[in-house]
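Residue numbers (my numbering), protein chains in the order written: chain A, 22 to 360; chain B, 22 to 360; chain C, 22 to 360.
Note that the Cβ used here is the ideal one computed from N, Cα and C, for glycine as well.
Since this is a predicted model, take the numbers as computed values, not measurements.
Single-structure report; data block below.
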Amino acid sequence: MNFVGENILSVSQFSRSDIDHLFLVAEKMIPFANREKVTRVLEGAILGNMFFEPSTRTRVSFGCAWNLLGGEVRETTEIKASSLSKGESFYDTARVLSGYSDVIVMRHEQEGSVSEFAEASRVPVVNGGDGANEHPSQALLDLYTIRQEMKSQRKQVDGLRIALIGDLRHGRAVHSLCKLLTLYENIHFTLISPRDLGLPQKYIAEIKARGHAADEMEDLTSGIANADIIYMTRTQEERFSSQEQANRYRGLLRLNQSIYTEFCQPNTVIMHPLPRDSRGEAQELDEDLNENPNLAIFRQTDNGVVIRMALFALILNVADQIEASSRDVNWYTQGRFDG
Amino acid sequence: MNFVGENILSVSQFSRSDIDHLFLVAEKMIPFANREKVTRVLEGAILGNMFFEPSTRTRVSFGCAWNLLGGEVRETTEIKASSLSKGESFYDTARVLSGYSDVIVMRHEQEGSVSEFAEASRVPVVNGGDGANEHPSQALLDLYTIRQEMKSQRKQVDGLRIALIGDLRHGRAVHSLCKLLTLYENIHFTLISPRDLGLPQKYIAEIKARGHAADEMEDLTSGIANADIIYMTRTQEERFSSQEQANRYRGLLRLNQSIYTEFCQPNTVIMHPLPRDSRGEAQELDEDLNENPNLAIFRQTDNGVVIRMALFALILNVADQIEASSRDVNWYTQGRFDG
Amino acid sequence: MNFVGENILSVSQFSRSDIDHLFLVAEKMIPFANREKVTRVLEGAILGNMFFEPSTRTRVSFGCAWNLLGGEVRETTEIKASSLSKGESFYDTARVLSGYSDVIVMRHEQEGSVSEFAEASRVPVVNGGDGANEHPSQALLDLYTIRQEMKSQRKQVDGLRIALIGDLRHGRAVHSLCKLLTLYENIHFTLISPRDLGLPQKYIAEIKARGHAADEMEDLTSGIANADIIYMTRTQEERFSSQEQANRYRGLLRLNQSIYTEFCQPNTVIMHPLPRDSRGEAQELDEDLNENPNLAIFRQTDNGVVIRMALFALILNVADQIEASSRDVNWYTQGRFDG
Numbered sequence: 022m023n024f025v026g027e028n029i030l031s032v033s034q035f036s037r038s039d040i041d042h043l044f045l046v047a048e049k050m051i052p053f054a055n056r057e058k059v060t061r062v063l064e065g066a067i068l069g070n071m072f073f074e075p076s077t078r079t080r081v082s083f084g085c086a087w088n089l090l091g092g093e094v095r096e097t098t099e100i101k102a103s104s105l106s107k108g109e110s111f112y113d114t115a116r117v118l119s120g121y122s123d124v125i126v127m128r129h130e131q132e133g134s135v136s137e138f139a140e141a142s143r144v145p146v147v148n149g150g151d152g153a154n155e156h157p158s159q160a161l162l163d164l165y166t167i168r169q170e171m172k173s174q175r176k177q178v179d180g181l182r183i184a185l186i187g188d189l190r191h192g193r194a195v196h197s198l199c200k201l202l203t204l205y206e207n208i209h210f211t212l213i214s215p216r217d218l219g220l221p222q223k224y225i226a227e228i229k230a231r232g233h234a235a236d237e238m239e240d241l242t243s244g245i246a247n248a249d250i251i252y253m254t255r256t257q258e259e260r261f262s263s264q265e266q267a268n269r270y271r272g273l274l275r276l277n278q279s280i281y282t283e284f285c286q287p288n289t290v291i292m293h294p295l296p297r298d299s300r301g302e303a304q305e306l307d308e309d310l311n312e313n314p315n316l317a318i319f320r321q322t323d324n325g326v327v328i329r330m331a332l333f334a335l336i337l338n339v340a341d342q343i344e345a346s347s348r349d350v351n352w353y354t355q356g357r358f359d360g
Numbered sequence: 022m023n024f025v026g027e028n029i030l031s032v033s034q035f036s037r038s039d040i041d042h043l044f045l046v047a048e049k050m051i052p053f054a055n056r057e058k059v060t061r062v063l064e065g066a067i068l069g070n071m072f073f074e075p076s077t078r079t080r081v082s083f084g085c086a087w088n089l090l091g092g093e094v095r096e097t098t099e100i101k102a103s104s105l106s107k108g109e110s111f112y113d114t115a116r117v118l119s120g121y122s123d124v125i126v127m128r129h130e131q132e133g134s135v136s137e138f139a140e141a142s143r144v145p146v147v148n149g150g151d152g153a154n155e156h157p158s159q160a161l162l163d164l165y166t167i168r169q170e171m172k173s174q175r176k177q178v179d180g181l182r183i184a185l186i187g188d189l190r191h192g193r194a195v196h197s198l199c200k201l202l203t204l205y206e207n208i209h210f211t212l213i214s215p216r217d218l219g220l221p222q223k224y225i226a227e228i229k230a231r232g233h234a235a236d237e238m239e240d241l242t243s244g245i246a247n248a249d250i251i252y253m254t255r256t257q258e259e260r261f262s263s264q265e266q267a268n269r270y271r272g273l274l275r276l277n278q279s280i281y282t283e284f285c286q287p288n289t290v291i292m293h294p295l296p297r298d299s300r301g302e303a304q305e306l307d308e309d310l311n312e313n314p315n316l317a318i319f320r321q322t323d324n325g326v327v328i329r330m331a332l333f334a335l336i337l338n339v340a341d342q343i344e345a346s347s348r349d350v351n352w353y354t355q356g357r358f359d360g
Numbered sequence: 022m023n024f025v026g027e028n029i030l031s032v033s034q035f036s037r038s039d040i041d042h043l044f045l046v047a048e049k050m051i052p053f054a055n056r057e058k059v060t061r062v063l064e065g066a067i068l069g070n071m072f073f074e075p076s077t078r079t080r081v082s083f084g085c086a087w088n089l090l091g092g093e094v095r096e097t098t099e100i101k102a103s104s105l106s107k108g109e110s111f112y113d114t115a116r117v118l119s120g121y122s123d124v125i126v127m128r129h130e131q132e133g134s135v136s137e138f139a140e141a142s143r144v145p146v147v148n149g150g151d152g153a154n155e156h157p158s159q160a161l162l163d164l165y166t167i168r169q170e171m172k173s174q175r176k177q178v179d180g181l182r183i184a185l186i187g188d189l190r191h192g193r194a195v196h197s198l199c200k201l202l203t204l205y206e207n208i209h210f211t212l213i214s215p216r217d218l219g220l221p222q223k224y225i226a227e228i229k230a231r232g233h234a235a236d237e238m239e240d241l242t243s244g245i246a247n248a249d250i251i252y253m254t255r256t257q258e259e260r261f262s263s264q265e266q267a268n269r270y271r272g273l274l275r276l277n278q279s280i281y282t283e284f285c286q287p288n289t290v291i292m293h294p295l296p297r298d299s300r301g302e303a304q305e306l307d308e309d310l311n312e313n314p315n316l317a318i319f320r321q322t323d324n325g326v327v328i329r330m331a332l333f334a335l336i337l338n339v340a341d342q343i344e345a346s347s348r349d350v351n352w353y354t355q356g357r358f359d360g
């Protein structure tokens, strides 16, 4: 993969060396995300941040990454105001919007919509989530977080033991992360979920086909004992046929500090694609974990910024220009970046 | 018309020499819209992009045009969040918002609202569409497209044969375009519409009063035979009293490649103000025309950017500074501009 | 108060010398707000303009202030698209969003929400309004306006006679302004409201405890006779249990030009936190006052920009760098700033 001028639609596009390259660039972005340095390398460039499905976090993260490279953002935040709601095709929408920007990030609830859009777009398109299908930048930031966390423990991703917990059936973040992890060597997946919410068989088959191990179970405590990484997820309630159907699973699998202390290794890293559900009945990750230094969930979201910066810099072929165009930040800032 | 510091509220403001001047400036904007060059001439200037009626395309096009000149955009995307919904007058809204920006683009569903707003504004106001009344930048980009298309065929706008097709009663784009075309010489209008959706009599009277020809008919194929330009429109369904009323007209007038091949001149240019309705029952412009090089609908939207850049540059009197403040684009870009 | 790196959550944070300092910086911002000069001191900095409750005016004012300092704005405009609506805690939202920006402005309908958010944020947070609780930048711009208006009459804030009129029970702007005014000497408050909508007793107690005078009354004309400032408010209809409850008070207290002429001192300044309700039944400030030079309501909103610029500049410790990084505006502008 060359990155320059390419669409980012699926984690399937990435080889291991692509990922190594991306992560190398991402690390160079840390001083900018951490507000130590400023670059204006994309000054004058425009991002079309087209979110036809509501989102605050992912939308702002992409926009922020672009701004940190010096570019401007034009955006939309819902489908109802758009021509798509008047019967316009993705083809037309793409042809039109790609006249307005240098890169487009698109989110739409319909599976495959972003690929269809990208075919007609005259500028590179990044998939910001197309329904239950793909959300590649989330999987890349998750993998990058795993790598950084392991690195700080002087471990590698190869040989990783990861426990994936919760609604493994609907979570696209989990699906994509599994795919990416199979590019490494000798990964041990522990898949912990209610019986009906297990990881779809095709992902398990792919894991095993590439020589990794996968154990399925319903019990949390036995599954997390040897994990390097715990990857907890919320129930994807919006994917169920009714709220009642979803409620049956709320709160079934919960991690808190006492369970962690009793059953986990002392350095086990806790991840979550966020948002975590903090309502009393849910609490898949208890707030008493907030002071646990192994809770990496906010390092994940911080890492989202550098991953997205790296994607943009590679697509637009400016990664090599950033260093030369950078200067120190001149305003008050505390080095708060967790990533 | 001097442009500097003026409001752009109606196509009636423009003389033919104003339009010539505007289009000359618009052509100078092409290298910027086409991402060959960057200018920062409006660095530090703020556009108030006030869309009190939903819109993605027009809103983003204006914002993009401003960004391409180097300025910042603050915007709003609906009326429900605004003080207008708490009983505030346009006078107050205008007095307040004009303290926040250097130019305001305003869209509001109420006819005449933008003019009322502009009277109280302390900065120049551009009408981004006030209900069924006016949307001058759309008409200007349509006329500019006609000029550019004719130019590439070594023809002039004078003597043009244009077929206007569809809901000619409600389409403000059509109304404003007719007005602008009457500024030229010897235009032949063929007006093709269902009987109840004909061009209002006042526009026909104006066309004839200025010495142009206008034929009304209901049949598509006989009307398009000698046209230089086919300007197709969608049924403005939102202007009908009910969806049932609107549905009576859906799909009555359709153009596709086989009709085009059989009945049109080989160079006939196809335009549409977009969005076109791609749902099965509608399809006023079939997707099999997408590969037809005379389909100019995306050149139209691209031209919207340069027209809006030119309007801003003239209103703020910076057109002459752009050349000096420009530099080459430093990121990956393919020359994709269709306009 | 040091300002640098601090949250701005409540007017209670400010001493009189803090306010003097803030207002000194605010005055230096006038040439920028008035588009005489441009500064890029915050070029590369990002504001997270997080409005989880609809707002156009305050949101755009904050965004504009940030842009005028050279920074970029990422924003959200409603709660329904946010993770908060999926059960996410303010703690999580704050930890995540504070990885995306250098300062966050937050509005949320829930009282105390912004403080809770600020505790978890890794960057300074400015309260943009938390329900009926606080909206400190509004109170600061009101006080700044009073100071500027008195200054132009060669008077001081000390010794001020102010008539507060309307729904004094629910208006957070009034509550916060009263608090700030108590920092000065010898203020005379005339509190004019319907019986049930009087200023809550705790504010009256505070006024008196600090040695100021407070008279309560229901009649408008007798209360405004000696006022330096009339501060009129609209009925906060959204705080009533039903529209019927609110309607009982609509239009009870109205000021128009003939009342002004008959009962006020010739230089009495008229203020209002806006929006004013221009519907026939309400009209707490009649439009026939629009030509009255003492109507300061649009100078208030203009002052909002310089106050917010000053807050940002102080929080980020760049106030001293602005002068050196400034240049003249190069585009057409009329000196329209009223503040």
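Can you name the start and end residues of the beta strand (DSSP E) that residue 58 (chain C) belongs to?
-> 58-60
Please determine, among A:287, A:168 and A:192, the residue with the shortest C-alpha to C-alpha distance to residue 37 (chain A).
-> A:168
Scan the region 124-184 of chain A and note each continuous alpha helix (DSSP H) run of 4 residues or more that stays entirely inside, going in chain order.
-> 134-141 and 157-173
Using a Cβ-Cβ cut-off of 7 Å, state whether residue 289 (chain A) counts as contacting chain B.
-> no
Pull up the CB-CB distance for residue 156 (chain A) and residue 197 (chain A), whole angstroms please, since I reckon it's below 8 Å.
-> At roughly 7 Å, the Cβ-Cβ gap stays under 8 Å, so residue 156 (chain A) and residue 197 (chain A) are in contact.
Cutoff 7 Å: residue 223 (chain B) Cβ touching any chain C Cβ = no
Alpha carbon to alpha carbon, how far is residue 295 (chain A) from residue 107 (chain C)? Give it in angstroms, no decimals.
-> 10 Å
I think residue 315 (chain B) touches residue 354 (chain B), with their Cβ atoms under 8 Å apart; what is that distance to the nearest whole Å?
-> Between residue 354 (chain B) and residue 315 (chain B) the Cβ distance is about 26 Å, and since that is not below 8 Å, they are no contact.
Any heavy atom of the ligand MN within a distance shorter than 6 Å of the CB on residue 325 (chain B)?
-> Although the ligand MN was asked about, the structure shown includes no ligands whatsoever.
Where the alpha helix (DSSP H) containing residue 84 (chain B) begins and where it ends | 78-89
Residue 25 (chain C) touches chain A at which residues, Cβ-Cβ below 8 Å?
-> Proximity of chain A to residue 25 (chain C) at the Cβ level (cut-off 8 Å) is accounted for by 353, in chain order.
Taking Cβ-Cβ distances below 7 Å as the criterion, which residues of the region 73-101 of chain B are in contact with chain C?
-> Contact residues of the region 73-101 of chain B toward chain C are 93, 95, 97 and 101 (C-beta to C-beta distance below 7 Å).
Which chain B residues are close to residue 339 (chain A), counting only those with a beta carbon under 9 Å from its beta carbon?
-> 351, 352 and 353
How would you call residue 173 (chain B), buried or exposed, if buried means at least 16 neighbouring beta carbons within 10 angstroms?
-> So residue 173 (chain B) counts as exposed.
Alpha carbon to alpha carbon, how far is residue 365 (chain B) from residue 308 (chain B)?
-> Any question about residue 365 (chain B) goes unanswered here, given that chain B covers just 22 to 360.
Beta-carbon separation (whole angstroms), residue 328 (chain B) vs residue 158 (chain B), contact threshold 8 Å | 6 Å
Using only alpha-carbon positions, find the residue among B:336, B:319 and B:189 that is nearest to residue 78 (chain B).
-> The shortest Cα separation from residue 78 (chain B) among B:336, B:319 and B:189 belongs to B:319.
Output, in chain order, the set of chain B residues within a Cβ distance shorter than 9 Å of residue 326 (chain C).
-> 120 and 121
Throw me the rounded Cβ distance for the residue 180 (chain C) and residue 207 (chain C) pair, which I believe falls under 8 Å.
-> 5 Å
Short check: CB of residue 184 (chain A) to CB of residue 91 (chain A), under 7 Å?
-> no
Compare the C-beta of residue 319 (chain A) against all C-beta atoms of chain C and say whether one is closer than 7 Å.
-> At least one chain C Cβ lies under 7 Å of residue 319 (chain A).
In terms of alpha-carbon separation, which member of A:201, A:43 and A:193 lies closest to residue 178 (chain A)?
-> A:201
Rounded C-alpha distance that separates residue 300 (chain A) from residue 268 (chain A) | 12 Å
Of all the residues that make up the region 278-312 of chain C, which are near chain B by a beta-carbon distance shorter than 8 Å?
-> 295, 296, 297, 298, 299, 300, 303, 308 and 311
Where residue 222 (chain C) falls, given that 16 or more other Cβ within 10 Å makes a residue buried = exposed
With respect to the alpha helix (DSSP H) encompassing residue 114 (chain A), which residues constitute its N-terminal and C-terminal limits?
-> 111-118
Secondary structure at residue 252 (chain A), three-state DSSP: helix, strand or coil?
-> Reduced to three states, the DSSP call for residue 252 (chain A) is strand.
Collapsed DSSP secondary structure at residue 350 (chain C) in the structure displayed = Collapsing the DSSP output to three states places residue 350 (chain C) in coil.
Does the count of Cβ pairs from the region 145-154 of chain B and the region 125-134 of chain B closer than 8 Å reach three?
-> yes
Please report how far the alpha carbon of residue 142 (chain A) lies from the alpha carbon of residue 71 (chain A), in whole angstroms.
-> 13 Å
Alpha carbon to alpha carbon, how far is residue 275 (chain B) from residue 211 (chain B)? Give it in angstroms, no decimals.
-> 16 Å
Go ahead and pull the three-state DSSP assignment for residue 289 (chain C).
-> coil
Alpha carbon to alpha carbon, what distance is there between residue 279 (chain A) and residue 251 (chain A)?
-> Answer to the nearest angstrom: the Cα atoms are 15 Å apart.
Flag residue 59 (chain B) as yes if its beta-carbon sits less than 7 Å from any beta-carbon of chain A, otherwise no.
-> Look at residue 59 (chain B): its C-beta is under 7 Å from a C-beta on chain A.
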